[in-house]
Amino acid sequence: MLSLLGKIIPVYKEVICELKAAGVSWIQFDEPTFVTDPDSHKLQAFVEAYSELQLSLSGMSVIIETYFADVPAEAYRTLTSLKCITGFGFDLVRGTKTLDLIKDNFPKGKYLFAGVVDGRNIWANDLAASLCTLEELEGIVGKDKLVVSTSCSLLHTAVDLINETKLDKEIKSWLAFAAQKVVEVNALAKALAGQKDEEFFSANTSAQASRKFSPRVTNEAVQKAAAALKGSYHRRSTNVSARLDAQKNKLNLPILPTTTIGSFPQTIELRRVRREYKAKKISEEEYIMAIKEEINKVVKLQEELDIDVLVHGEPERNDMVEYFGEQLSGFAFTANGWVQSYGSRCVKPPIIYGDVSRPKPMTIFWSSTAQSMTSRPMKGMLTGPVTILNWSFVRNDQPRFETCYQIALAIKDEVEDLEKAGINVIQIDEAALREGLPLRKSEHAFYLDWAVHSFRITNCGAKDTTQIHTHMCYSNFNDIIHSIIDMDADVITIENSRSDEKLLSVFREGVKYGAGIGPGVYDIHSPRIPSTEEIADRINKMLAVLESNILWVNPDCGLKTRKYAEVKPALQNMIAAAKLLRTQMASAK
Ligand code: GLN
Ligand code: ZN
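Once you know that position 340 of the sequence shown is 411 in this note's numbering, the rest is easy, because the numbers rise by one and skip nothing.
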């Protein structure tokens, strides 16, 4: 890839030239790759690229920005030795070790853009602490060379608190969205210049104190329970193959069992019902009736299609994280706290501000209602702790893993209640587990360890006959396959067809996987209806690398974004393909 640099540099030269002609005097290059442990080749290429650009850049002030993590020592030395650069920007929130490198050695006469205000979160800055850091840095780089900055672009935080009229006042005082962060940056710069806004700073100090000592943040029982987890392993006592045997007897499933990932189409009518219930336009009874009816429709459809393990379709859920967050303590929700997720898709992440607990069951009513409608196994459907964590704004006053363990304990309570309610198959979605992987390789093992541990906590107490499923939304798991095995789920359903079956290569390479696995047989992101032959062909490819007794047949992901007109024929073909192969396998014996 680096060999392509030679082709890009001339384009950069052109752009720089145009910017210069337009009167631009400062130019910023984003080089977050610096935080990803660049090797010496990459560093060399970097030095060469910027010396190539040197001439074009002359007469302009140039800043190189890095963010999201620490810059490793060697990369820091290479970066800061570049002569043609005017200033360097560092994320001093997620990269606190970089602070030591700066204190140790910062090039004379260069600007330091100190990212002390977190651009990726929604918490108000601790202004007194930041001012301390800045004063120390000023002593190192000089008064006129220090620039106060956010730690990264403000793309990753919500826009403006002013829009949050319904948010609890006290919680609101702990927050800063993009508009407030800019004010913080400005206040810090002014304070450094001797014009400290005392009122603003003291309001900030009180807000920090109120957050620290608020009884709504701390729940001692939760803290104790989470602390007690440390040092133990939390794993179901029987191994997976023995568990699968016990489940086989209990569930009585055919070979190549079929299932779906959870959600069924979210129709306009369904969205209307939820909206009206939320706005109190319809009564609770009416709401329950409407959702029950929907579940019944979905159950009957699955029975008609002859699916083996059913789902209730998730009609009561607007979003797989929000649904749980709304019922857990320690979560707050914004009205307009949108952030970009990918492409043009935006999400409104919940804010985890306090210790997390589950005041009462969250899914039992709907799951047992659904189970009562059928004699086939009904999958309980939960969102896993790591996904809830990774898709929320997380508190910054304790390590992420602590918060994750607390969520895990809450989900564990739910798993136990589902089991008691007679649900024998429980899916705990970890759609976002891989997304949380740190940028620096050296931090992967630690993250995976607590993430996988959190998942196991949720179901370590489950009976052997209770089948625990998990689902993941990505295919590129070749590098974390051992962590996935270590999750110790009985069955994993995973995206596969959208990514041209890359997933299977890991098994081709000989990784032993003994649990049940359902690599998706068709892409739900497309309206296209896959034919029976095409699906059978996919399953055959899987059978070439996986034992037939562990293979499941299911789509890539949930069906909520699709229409019934697409879902029905697609599932029909999926079931036909599974049946075709069952017959072929039986006659081959
Ligand atoms: N159970 C969820 C659904 O089916 C899973 C969604 C996801 O993986 N993103 O919608
Ligand atoms: Zn998915």
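Using N, Cα and C, we set each Cβ at its ideal position, and we do this for glycine too.
Spatial distance of residue i from residue j (CA atoms)
i: K321; j: K534; result: 12 Å
i: K319; j: Q538; result: 9 Å
i: Q115; j: T149; result: 9 Å
i: T438; j: I499; result: Before going on, a small fix: residue 438 reads as Ser here, not Thr. Roughly 14 Å between the two C-alpha positions.
i: T330; j: V382; result: 8 Å
i: E580; j: I563; result: 19 Å
i: N389; j: R345; result: 8 Å
i: Y584; j: I556; result: 7 Å
i: H540; j: A560; result: 6 Å
i: L622; j: I565; result: 12 Å
i: T276; j: E270; result: 10 Å
i: S332; j: P421; result: Before going further, note that residue 332 is Ile rather than Ser in the sequence given. Each residue's alpha carbon lies about 23 Å from the other.
i: C223; j: S463; result: 18 Å
i: K179; j: V218; result: 15 Å
i: W194; j: Q251; result: 10 Å
i: S220; j: V212; result: 15 Å
i: P470; j: A657; result: 53 Å
i: F105; j: P143; result: 8 Å
i: F402; j: I423; result: 5 Å
i: N323; j: E364; result: 28 Å
i: D379; j: E136; result: 53 Å
i: I134; j: F161; result: 11 Å
i: K419; j: A636; result: 29 Å
i: P286; j: G493; result: 37 Å
i: E618; j: D316; result: 15 Å
i: E207; j: L504; result: 38 Å
i: N495; j: D484; result: 15 Å
i: N310; j: V82; result: 58 Å
i: I528; j: G302; result: 12 Å
i: A502; j: A262; result: 44 Å
i: L90; j: F139; result: 27 Å
i: K243; j: K283; result: 14 Å
Contact test: residue i Cβ vs ligand 1 heavy atom, cutoff 8 Å
i: K631; result: yes
i: D594; result: no
i: I373; result: Position check: residue 373 holds Gln in this sequence, whereas Ile was assumed. Every heavy atom of ligand 1 is 8 Å or more from the Cβ of Q373, so no.
i: M449; result: no
i: K334; result: As written in the sequence, residue 334 is Ser, which differs from the Lys given in the question. Yes, ligand 1 has a heavy atom inside 8 Å of this Cβ.
i: M433; result: no
i: M452; result: yes
i: Q711; result: This structure cannot speak to residue 711, because the chain is shown only from 72 to 660.
For residue i: DSSP bridge partner residues
i: V380; result: T330
i: A403; result: I422
i: W97; result: S132
i: V218; result: F184
i: F548; result: Looking at the DSSP assignment, F548 forms no beta bridge with any residue, so it has no partner.
i: D484; result: Paired residue(s): none; D484 is not in a bridge.
i: V37; result: The displayed coordinates of the chain run from 72 to 660. Any statement about residue 37 would go beyond what the structure contains.
i: P590; result: I565
i: R416; result: Y413
i: W194; result: L246
i: I497; result: G451 and I539
i: V624; result: T329
i: S428; result: S400
Near ligand 3: residue i beta-carbon under 8 Å from a heavy atom
i: D390; result: Looking for ligand 3 in the displayed structure turns up nothing; the ligands present are ligand 1 and ligand 2.
Closer than 8 Å: residue i CB and nearest ligand 2 heavy atom
i: D627; result: yes
i: A502; result: yes
i: E385; result: no
i: H542; result: yes
i: E340; result: no
i: E566; result: yes
Nearest-angstrom Cβ-Cβ length linking residue i and residue j, presumed shorter than 8 Å
i: L71; j: G158; result: Here the chain comprises residues numbered 72 to 660, so residue 71 is not present and cannot be evaluated.
i: I326; j: N620; result: 7 Å
i: I610; j: Y593; result: At roughly 11 Å, the Cβ-Cβ gap does not stay under 8 Å, so I610 and Y593 are not in contact.
i: T434; j: I366; result: Actually they are not in contact, since the Cβ atoms of T434 and I366 sit about 12 Å apart, beyond 8 Å.
i: L198; j: L259; result: 6 Å
i: A406; j: E235; result: 6 Å
i: S96; j: M131; result: 6 Å
i: D141; j: K174; result: Not a contact, Cβ separation roughly 14 Å.
i: F395; j: T454; result: 5 Å
i: G408; j: A185; result: Going by Cβ atoms, the distance from G408 to A185 rounds to 26 Å, so no, they are not a contact pair.
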